[in-house]
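Presented below is the structure to which this report refers.
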Amino acid sequence: MHRKHSVYVVFVFFIVCKAESNNENQKRRLDDLEKVVKLIQQQNQRLEKTVQLQQTEIRELRIQLSMINDEHNNDYKIVSRSDLNNMIKETVLKVSLENGLLNSNDSETGSLDYKQQFLTRKPETEIELHDDDISNKLGIARQYIRGRVGRDVTSGKIHLRRAIYTPNQNVAFYAYLSHNENAPSVHHPMVFDTVMTNIQGAYNRFDGMFNVPVSGVYVYTYSIRFGCHAVGSMEIVKNADVMGVIHIDSGETCDHEQVSSTVVISASTGDVVFIRTHSTSQIQGGIVSNTSGRSSFAGWLLSNDSAK
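Residue numbers for the sequence shown, in mature numbering (1 follows the signal peptide of the UniProt record, and there is no 0): -21 to -1, 1 to 287.
Okay, here's the thing in structure tokens:
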């Protein structure tokens, strides 16, 4: 009897040991599964960030493509013959009045009659070169317009080119944000939509891009007002290259901090310069811009390459 009892105890002990061994194996398997799940979650997070970056880059590329298309469409404008005649009339009058090309013997009344002659002529009427004095004036007008359009204005239709930058012209802009930006995403271009200064019109208030009109050295400055408990960074970018970064970390305090930065860089005609949120880390706390403090972006031409 005692022998049978010993065998029974040994058998029970064996069953218990085997059960514990199975439990340990299951625990190891569960641990391995948890590690795999965590790894998959991390990979998914990285993929989500990659997708977000790609979506943002696609949006930026679409914006740049739209800008290129707009520039291409605006490069040329068809002008009909009737509009051309009106341009010639107005130019003749302008050149004559401003440069003293009217006959010196004309009285003030005569000059007014001459002006009225051009203003009252029907738009569809062609200008005839039958008078030497008028012919000379029209020749000057055609030279003036030809310099702007790059083609003989006697043809039926012409293509107007955009104004060309000249070395003695200044380039400058200043714009600020008219509203708050709550929790902007990564890689988010900032659109400073209220323009105070825009000499040469190179800054676009609809997409926040400064399109460099002439090659040279430029000064850019940007000032960002961050919201309560803000943590994050902002970048100034030329084309796809980061030219400078600012960072804020006021997560432990509820203060509106203003952070500014200035860069001096070389830029070529056709480059775009803009401000965006950091390419990998999202801003916490948002960006503030109101009458108590503005978030702004400004820049100006320091030296012109063509002037060298």
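Backbone N, C-alpha and C define an ideal beta-carbon position, used for all residues, glycine too.
- Secondary structure note for Arg273: it is in no beta strand (DSSP E), with a DSSP letter that is neither H nor E.
- Straight through space, the alpha carbons of Ile244 and Gly265 are spaced by roughly 28 Å.
- DSSP, reduced to helix, strand and coil, places Met188 outside both helices and strands of the structure shown, so it counts as coil.
- Residue ranges of uninterrupted beta strand (DSSP E) with 3 or more members, entirely inside the region 241 to 269 and ordered along the chain, are 251 to 256.
- If you draw a 10 Å sphere on the C-beta of Thr259, you find fewer than 16 other C-beta atoms in it, and that means exposed.
- Annotation for Met213: the continuous beta strand (DSSP E) segment containing it runs Val210 to Lys217.
- In this structure, Leu280 lies near Val150, with their beta-carbon atoms less than 9 Å apart.
- Gly249 places its beta carbon less than 9 Å from that of Asn190.
- Around the CB of His226, fewer than 16 other CB atoms lie within 10 Å, so the residue is classed as exposed.
- Around the Cβ of Asn159, a 10 Å sphere holds fewer than 16 other Cβ atoms; the residue is exposed.
- Looking at the DSSP output, Gln237 bridges to Arg204.
- No Cβ-Cβ contact shorter than 9 Å links Ile203 with Ser157.
- In this structure, DSSP gives Asn161 a state outside helix and strand, which the three-state scheme calls coil.
- Under the DSSP assignment, Gly223 falls in the beta strand (DSSP E) whose first and last residues are Asp220 to Asp228.
- A check of alpha carbon separations from Cys207 across Ala162, Met169, Met213 and Arg255 identifies Ala162 as the nearest.
- Going by C-alpha positions, Phe205 is about 26 Å away from Gln33.
- Shown here for Lys217: same chain residues with a beta carbon closer than 8 Å to its own, the five before and five after excluded, namely Ile244, Ala246, Asp250, Val251 and Val252 in chain order.
- Taken through DSSP and simplified to helix, strand or coil, Asn149 comes out as coil.
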